[in-house]
Structures are given as C-alpha cells and as structure tokens.
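Contents: one structure, followed by commentary.
Residue numbers (my numbering): 144 to 1229.
Following this line, the structure appears as structure tokens:
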C-alpha cells in the first residue's frame, strides 16, 4: 500500500497526502525515519566522492560535442566518436550541459548485474537521442523508427520479478528522445513502487519526445510516475502498462505535465485510472491525446481525477475505455477538469463542444513516425471536427504524433492522429470496416470512403457488389461528395486509373440490401461537382413518402454532378425510376437506363433543370403514366447521340414526355417505343423541343405513333419518321390543341394509322418545308390528314402514299392548307390552296442511308422535283447536309439531287452514294479522266491503290507522305508511282508486305486482306481482334481460316455484311465499288 488508511482511494476522504519516499522526513515515526534519512544521505555523499574526487559532481566533458554510445565500449571508450563509443551509463555519468548523447540502436539495461535499484539516471541539461546506426555525423541523420533503441529493465532472470524498479529516472532540464522504455517493475518498497518505466521525483521535469512506454508495471504509475514534476511529453505512446493500484499509464501527484500528441492504449489499473490517475492538485494539460482500450476494475477507465485535480483536456478522444464507474473520465473530491473540443464516449456533461459519435478508431500499430498510434478510420467523427487553430491545432501544433502535418485540410482532427489524405481511397466489396482506405491492402467500404473524402479526392472501387447497408434500413444511400470522383471497374491491384476496365470488372451499387427489406429508397444520392464513373446501379426502390418516392437508382437535388460509364438497371420509383433530377444540370456520358420503372419517368425524371446527355441509351424502361424513357417538366435537357429503344408508357410519351419543356435533341433515335399518346415523344403544355438529325422508327401509339404534340410547337430539322404506327391518328406525328410545329428536311416513309398515316393535324398549324412523304398509309389521308387545321406546305413531295377510304396523299376536313412549289401525286388536293404544283413522277429511289445521319429517299435522274423548288423558301441544305441548290434551283423534297460525278457510276448504281462520298471526302479522284471522269467501280483494287485509300482515310485528303526511299520493299522502287504511299503504309505498321521483302503493289487486294488492313487502320497497328471462337459468322470462312477473326470483327463493327447468301468470299478481290463502301463505313465519311 502507498500509505495508511487515509490514502485509500475508494474512501474519497483524503485532502493532502504525499506518497512515502525514503528521503521524506515526515513519513512514519520521525526518530526512526530521520536516522534512516541521514544514513542514506551519507552513503550518497561517499559514492559521489569516490566517483568525482575533489571535483564533486562536475562531469568529465562538460560542454562540447556529442557523446557516442554503443552497447559495448569501443576504442578508448571516451565517448567522443563512434569509434571510441562508451556505454550509456558512462555517458550519463560524464556528460554535462551541452553534451548531447547519441545512442546507437540496440537494447540497453541499467546494469549487467541484478541490482534492481539500478536506473538510467538522466542529467540536467543533457539530451539523450536514440535511433542511430553508429555512423551518423548529424543528429537529423538518425531514424528511430528503423533503428529501434530500447531501454529495458529486464536485468535479471527472464520474467518481471527481478526487473529494475525504474528503467529511467528523470531530471529537470534533461531530454529523452527516440526510445522504447520497457520491462520496468516497481514492486518494491517506497519509492521503488512508483514509475516502473520512468520515475520523476520531486521537481524532476524532463522533456520527453518520441517515446514508447511498453509493458512496464508498478504499484503506482505503471508507465510513468510524476511527483511534483511537470515534464513535457510530445509524441508519446503508453502501451499495456499496468498498476496494481492507480495509474496504469501515468500517475501524477501534485504534478502538471504537458501532453501533446500522446496515445494511451491497453493500460490497466486495479483500483483507478487505467490510462491516467491525477491526485493532489494535479492539473496536467492534454492536447490532441487519445485514450482507447484502457481499463480498471475501479473507476476512471481512461482517466481518474482526485483531490481537486483539474486537468485541462482539449482536442482529445476518450473512447472504448472501460470501468465499473466512469468508464472514460471519473472525478471526485473537488476535481473539476476542463474538457473541451473533445470526443467522449457517452458524453461529458460539463464539457464544451463534446462529440459523442463514434470516432471509428483503428488498431494500434505503426502508421508512420516512431511511436505506435491509433488511426482514425474513414467516417470518424474526429476527422475535420475542429476549426483550424482550435486550441493551437494546425497553428502551434503543426503535426500529429507521427509527424503528419496538421491540418491536412481546412479543419483539424481530434486526437493524436491526423487523418492523412493520399487523394485516392481504395474500396473493396468485402473490405473490413477497419480498413483505412489508403491502399488496396487496406481497402475500406464505399460508405466509409465517401464519408471521409473531400473535394479533389478520388475513390477507386474494386469489382463486386456494394450495398449502402446490410440492414433493413431503407434510408441508407451512397451519398456522393462535392468534388469527389468515384470510379468503378478495378480488380484491386491497379496503380493507375487508366488500368481499370469497367466493362470487364463489373462494379455494382445495389439497393437490394436485405432479404427482409424492400430495398434502398435511393441507391445513390448526388452532390454538386461529384463524378460517378464505371458502375451498374440497381435495386433501388423509391416507393416511400417524399422525397423517398423519387430516384430509385439516383436521387439528385440541386447537384450538377457528372455521370459516366454507368448502367441504371431495374430500379423503381414513383418519379424517376432510374434517376430523379431536380433543379440540377447533371452531365451524363455513356450511360444506359435499362429496365427501370416508375409512374412518371421510368428511366429519368427531370424537373427545373437542363441536364446534358451524350451517348446515352434508354431501353426497356416503363412508366405507368408518363415518360417511359424520360419525363421532363419545366426542363430543357440537351441530348446528343441518345437512343430511346423499346420504352413504354401507359398514358403518353413512350420514349420522352415533355411538359412545358424545350429539350434539344441532336443525333437521337427513337425505336420501338410505345404509349397511349406519342410512342416516341409526347410534347405538351407549350413544350418547344428542337430536333435535328433525329430518327423515329417503329414506334407505336393510339395517337401519334412517332410524336404527339399537344399545344406544343417543336422544331424538326433533318428528321425521319419510318414505320411508326397509330391505331387512331397520326402514324408519324399527331398535332392537336393549337400546336404549330415546323418541319424542315423531314422524311415520312411507311408510317401508318387509321387517319393520317404520316401526319394528323387537329386544330393545329404546322409548317412543312422540304418534306418528303412516301409510302405512308391510312384509312383517310395516307400522307396527311387535316382537321380544322390550316397547314403551310412548301417544296414538299407527296408520292406513293395510300388510303383505303379517301385522299391517299392529303385529306382536308374543315381545313384549307396552303401548298406551294410541291410535287403531289394526282395534283392539288381538294380543299387546298395551291400554287406551282407538279404532278409528274418525282422518281423516288430506295429509302436508305444516302449520307447524313438519317435515312432519306433519293431523287433519281430525271425526277420532276429536281431544280423545281423555290429558292426563296428552300432550306440551305438538304436532310443529309448537302448544300442547296446543286443545280439551277433547289430541289423539292428532303433530298437535293447531286449529279453523278463519274460517267461510269450513275445515280442508280448500287454503290453510287458511297462512291460519291468517297470522292467528296477527297480520298479518290477516279481511275481516269479520258475522255471523261470515270471511277472503274468493278475493277479490283490493287495493293498500291489500297495504300493510298487507307492513308487518306486515316489522315485526310490533304495528307501527302514523305518522299520514297526505294529501300523498304524490293519490288517498290523510289520511282514507282505509289512508292511513297506504300512506304508510309509500312511505316505505320499496317503492312509488312507480301513476303520475301516484297510488297506486290500491282496484285489485287483480297477481301480477307482488306479486313486486316481496315481494322489496323481503324484501331492501330498493334490491334488484334478477339478470338474467333467456334464460328466466324460466314459459311465460307471456317474458324481455322487465317483471317477468320479479322473477318468476324469487321462484320461485328458493321463494316461488312458479306458478299451474299451468308458468305464473305474471303479470297475474292475487292472491287473499287466495294472499297468505297468499306472506307466510308470504316472512317465514317460524311
């Protein structure tokens, strides 16, 4: 026991009681103790006299350079160099003020004997530094982490029973830096029952830095005991130290040490103060300290304060400490600690700015720096919890316990550890919640990575399925973070983002959180400036109360985020099954919405925003009311390269439903969509979308198979409607309630309805300019049906439309359209006001792609529409983008006729359009100009000609290769007419010749060879196609054929369909006509 009954902590009655020490005259019986004190003092005097003679305690080497210490003395042992190093006890005995002591790595014991009172006695003004290898010439060359220097009290037999009472004894003005202090065991009589690791008696106030107190024990203060001492502790860890009474880590008696960046972990005390015990007016100052896992069977698992001890505790964590009473902090007998800006498990009633949420502490280990620390894990409440400068954090305290800069961001962390940001967080689906996210090996969950990341960070997510929670709590979501980019598609080993492959490494964000749950309301929730790239988002089910009825896959409110390479599949909601966006302008690139459902906006719902969509696909989404693919209300999205395929809505807008919205659509296609009104698109409530280069094909509805306009006025340019159908009215378009759409360069082909196969106008006033309507059918008005509508029609072709009842071309019911400068089969329709109407055959060709984005119906030579349009009202270009006029006047209809360029390729020739495009692109000038310009379409392409075609296709018509050397191929001299082109093709590694160092320039190119040349030209010389597998896709190309994989890939990319009847004809020469088709498709020539 430390003293008699008054010292018993549990009684909590003591007022002031100093611990016993053999030099304290007030201890016990005065007469006996005084005699003992005199005897001991005399003994000490005799020892000093023997050591120092007449010089008293003056050291041998006062002042001067460093002392050098090794485990055993070397050379002269005068300590003045590594070659002449001395022992640590010698250095301590001889060093004076100004003599730092450099200690080489190793394990040092206070004695080689068994005297338990032996200790490393520090000296005033002398600094000890550990961590040297024994070669350094400057202190900053040492590395205590790599070169561990241990002060070990295990002096006798193995085990602790005969260990040193105090491994180190302090002195005022001394410094100890870079050591591990371990195995002290103060289990003797007073004072040898205090401070197993270090004992600071009566006003001994050393400076301690970068010290680990490991597994020391004592009756009082297992790691450190301070008596009327005020040491400075910085970057210190107390680990598994033990006290049989009080203060497992530290015992302070009438002491006020200063602790900064200190960790207490796993320390124990039998009676009180597992981590720290403060007594008799002890007021230590703690800043950025962490107490975790300390315990006692009495009170104060983390800290106990007694007898008016009032420590100042700031920026400190108390978490996971245990005790029957006061698990984190216990106070008694007038102790009133000041606790502020700290995390205390369970709270601290008298504290200021106390956080009670989980700091998510990791495992004690080495995370940098010399001492062991406890990391903050992603999602910790300690991260960024304090304003920079709070209690000096980030200003006067500029590093954490490891030396990591404080603060890492605009705010400081609580505790000894500052969360350091690499900028990249690593996530795996099976990651432990204890991972720190800083590497693939220490990957964390996506939830934790998002919680911790800030603007500018990246989150890399490995393939697999990630869920917001595994509980039944449906409100959990992957909350994106402003400015943070989240990337999927990793395997979990990559070091560069470019190494990921989202297509192969499928990364799923799933709302299917628990078999007992109906799924997350929102799998993902957006944030401004965030990026989500490379994921499949599935299983969201927003069927709750608002806002949990919006955005099953992604809920986005006032957030302009970026979405790339995503698939939204099988999500559901009331509004926006795949995605809901409100008051936001998100950017979507390469995104697919598939199989999502909602009442409105099966794929996507936009309100008050202008999202930008590029290369986006909506397929097989559904809405029970409006907008199977997309629903827009008071929104103006911008759509480029977007497809709506097989979407459906019960009421209106199978592909898109616009309400008071004006989206812009460019290069957009609607195919196979269905609805009650507007199979492809529904526009209502004064919507005015702009459409250019848009395709409507095979959509269906009750009214408006392709498009339904209700009190709306879209602008359509370069649009085609083909094979759309309506059971009632408007196979292509249905206009009603005062709609006034404008149609310019639009083609209607093979659309059908009961009334108005191409268009049905009900109380509307559309304007048609350079429109072609052909092969449409209806009961009445095969081309157009007008009811109470006064339509303006000019430069338009009506031909080949049919009606089972009346008016195959145009039917008027209470309508008087004005038709000018048009070609109409059978002349001016009844009820119309017409001028300059042509009834002669316009000689329409086959509906197909003749250039441009949309399919068109060409005018053939001799067409009545050629040069018969009105230049004043004609559009500047035709539907393909060809300038008008090409002749003396513009042509009528959506197609402007271009006279044949080559005398031997008429406009009716099967490849005429491709040959013209090849010529317009500057890739060919034909095969001869004598007597007229000809192309020679049926002649085979030679390997020399092929070199020119390929190089111009790759580099443009203006490209000219460098002069030939004549040394590349043995059969291609520098004087050969195409030598420069052939050598350039070889320089680009597209060809290696035909063998034996030759090129065979005049040999024809086979269709098999062309497959190889084209794919390498398109994808690069190192390109290799996928393995052919069991079948090439062509009957005459076995999988063993040398070019089978190339041929199969050429077909897969839509460049060839073979030579007919399921064959490819691989060994047949390529004709110049075929070459034109190959090149136009391969290089996407206009």
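A virtual CB, placed ideally from N, CA and C, is assigned to each residue, including glycine.
Quick one: grab the DSSP three-state call for residue 1000. coil
Under the DSSP definition of a beta bridge, which residues are partnered with residue 741? 716 and 766
Could you tell me whether the segment 324-333 touches the segment 513-523, where touching means 3 or more Cβ pairs closer than 8 angstroms? no
Does the beta-carbon of residue 1185 have 16 or more other beta-carbons within 10 angstroms, so that it is buried, or is it exposed? exposed
Rounded to whole angstroms, what's the CA-CA distance from residue 347 to residue 318? Just pull it up for me. 11 angstroms
Which residues does DSSP list as the beta-bridge partners of residue 750? 725 and 776
Return the CA-CA distance between residue 906 and residue 930, expressed in angstroms with no decimal places. 6 angstroms
Identify, in the order they occur along the chain, each residue of the same chain with its Cβ nearer than 6 angstroms to the Cβ of residue 813, setting aside the five sequence neighbours on each side. 787, 798, 823, 839 and 842
Euclidean distance between Cα positions of residue 1039 and residue 767: 43 angstroms
Does the distance from the C-beta atom of residue 928 to that of residue 893 stay below 9 angstroms? no
If you count every other CB in all the chains shown that lies within 10 Å of the CB of residue 374, and 16 or more means buried, which is it? Buried.
Should residue 397 and residue 370 be called a contact, given that it needs their Cβ atoms to be closer than 9 angstroms? With a cutoff of 9 angstroms on beta-carbon distance, residue 397 and residue 370 are scored as near each other.
Given that a residue counts as buried once 16 or more other Cβ atoms are within 10 Å of its Cβ, and exposed if not, what is residue 1215? buried
Inter-residue spacing [alpha-carbon to alpha-carbon] between residue 278 and residue 224: Between residue 278 and residue 224, the C-alpha separation is close to 9 angstroms.
Would residue 1125 pass as a contact of residue 1107 if the rule is Cβ separation under 9 angstroms? Closer than 9 angstroms, so yes.
Please specify which runs of the beta strand (DSSP E), each continuous and at least 3 residues long, are wholly inside the segment 409-481, giving them in chain order. 419-422, 428-435, 446-449, 455-457, 460-462 and 472-474
Burial state of residue 805 (16 or more Cβ within 10 Å): buried
DSSP state of residue 966, grouped into three classes? The answer is strand: DSSP assigns residue 966 an E or B state.
For the pair the segment 579-595 and the segment 530-550, tell me if three or more CB-CB distances fall below 8 angstroms. Output reads no: the segment 530-550 does not touch the segment 579-595.
Give the straight-line distance between the Cα atoms of residue 497 and residue 437, rounded to the nearest whole angstrom. 20 angstroms
Under 8 angstroms by Cβ, that's how I've got residue 871 and residue 896 pegged, so tell me the actual separation to the nearest angstrom. 7 angstroms
Contact belief for residue 600 with residue 568 at Cβ below 8 angstroms, rounded distance in angstroms: 6 angstroms
Rounded to a whole number of angstroms, what is the C-alpha to C-alpha distance between residue 453 and residue 384? Distance from the CA atom of residue 453 to the CA atom of residue 384, rounded to whole angstroms, is 23 angstroms.
So, helix, strand or coil for residue 1222, using DSSP? helix
How far does the alpha helix (DSSP H) with residue 590 in it extend, from its first residue to its last? In this chain, the alpha helix (DSSP H) harbouring residue 590 covers 589-595.
By alpha-carbon positions, which one of 1121, 769, 1112 and 1169 ends up nearest to residue 1141? 1112
Taking contact to mean 3 or more Cβ pairs, one atom from each stretch, closer than 8 angstroms, check whether the segment 976-984 and the segment 843-857 are in contact. no
If we count the other Cβ atoms within 10 Å of its Cβ and call it buried at 16 or more, is residue 284 buried or exposed? exposed
The alpha helix (DSSP H) that contains residue 1096, what's its start and end? 1086-1098
Who are the near neighbours of residue 988 in its chain, counting only those whose CB is closer than 6 angstroms to its CB and skipping five residues on each side? 1001 and 1003
Contacting residues, own chain, Cβ-Cβ under 8 angstroms from residue 673 (five flanking each side not counted): 623, 624, 625, 626, 627, 628, 629, 702, 704 and 705
Among 1093, 1117, 1212 and 556, the one whose alpha carbon lies nearest that of residue 1162: Relative to residue 1162, the option among 1093, 1117, 1212 and 556 whose CA is nearest is 1093.
Extent of the continuous alpha helix (DSSP H) to which residue 1127 belongs: Per DSSP, residue 1127 belongs to the alpha helix (DSSP H) from 1122-1130.
Grouping DSSP H, G and I as helix and E and B as strand, with all else coil, what is residue 758? strand
Residue 321 to residue 352, Cα distance in whole Å? 7 angstroms
Inter-residue spacing [alpha-carbon to alpha-carbon] between residue 1174 and residue 737: Taking the straight line joining both Cα atoms gives about 30 angstroms.
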